[in-house]
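Read the structure below first, then the notes.
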Amino acid sequence: MEEKNCKNCRYFLQHYVKHKRYILKVECGHCLKRYRLKCGECRKNCESWEPIAIQKEERRKSIKALLRDMEKSLEDIKLILQSDED
Numbered sequence: 514m515e516e517k518n519c520k521n522c523r524y525f526l527q528h529y530v531k532h533k534r535y536i537l538k539v540e541c542g543h544c545l546k547r548y549r550l551k552c553g554e555c556r557k558n559c560e561s562w563e564p565i566a567i568q569k570e571e572r573r574k575s576i577k578a579l580l581r582d583m584e585k586s587l588e589d590i591k592l593i594l595q596s597d598e599d
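Numbers given in my numbering equal positions in the sequence shown, counted from 1, plus 513.
Below you can see the structure in the form of structure tokens.
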């Protein structure tokens with residue numbers, strides 16, 4: 514059974530740091546839902562907890578939609594550039 518804690522919750526926002534050319538995950542984050550919990554304040558069995566799989570699926574859908582929009586924009590730019598060459 515999956516432990517219901519902040520780090521595997523839909524509302525957990527992982528913190529990262531940039532080091533030289535790398536983005537590194539750090540061992541903390543905060544809650545986007547009810548609690549403004551920060552590093553070291555992880556709760557267990559929170560009443561707002563939902564599986565992190567929901568967050569991951571929402572992020573995948575959002576990225577796919579963004580890529581479709583970018584593809585359309587690039588197609589439009591390509592058509593404009595081609596018409597300028599004619």
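Where is the CB? At the ideal position from N, CA and C, for every residue including glycine. Everything numeric in this text was worked out from a predicted model, so none of it was measured.
Considering only the beta carbon of each residue, do cysteine 544 and phenylalanine 525 sit closer than 8 Å? Residue numbering aside, residue 544 sits at position 31 when the sequence shown is read from its first letter. Residue numbering aside, residue 525 sits at position 12 when the sequence shown is read from its first letter. Yes. Within cutoff.
Just verifying my parser: in three-state terms, what is the DSSP assignment at cysteine 559? Here residue 559 refers to the residue found at position 46 when the sequence shown is read from its first residue. Three-state DSSP puts cysteine 559 in coil, outside helix and strand.
Can you tell which of Glu515, Lys517, Asn521 has its C-alpha closest to the C-alpha of lysine 569? For this step, residue 569 is matched to residue 56 along the sequence shown. The residue with the shortest Cα to Cα distance from lysine 569 is Asn521.
What are the partner residues of histidine 528, as DSSP defines its beta bridges? Here residue 528 is taken as the residue at index 15 of the sequence shown, counted from 1. In the DSSP output, where bridge partners are listed per residue, histidine 528 has none listed.
Pick from Cys559, Asn518, Ile593, Lys538: whose alpha carbon is nearest that of glutamine 527? Residue numbering aside, residue 527 sits at position 14 when the sequence shown is read from its first letter. That would be Lys538, whose Cα lies nearest to the Cα of glutamine 527.
N- and C-terminal bounds of the beta strand (DSSP E) containing leucine 537: For this step, residue 537 is matched to residue 24 along the sequence shown. Its beta strand (DSSP E) spans residues 535 to 544.
For glutamate 563, which residues in the same chain have their Cβ closer than 8 Å to its Cβ, ignoring the five residues on either side in sequence? Taking the sequence shown and counting its residues from 1, one reaches residue 563 at position 50. Within the same chain, glutamate 563 has close Cβ partners Cys522, Arg523, Tyr524.
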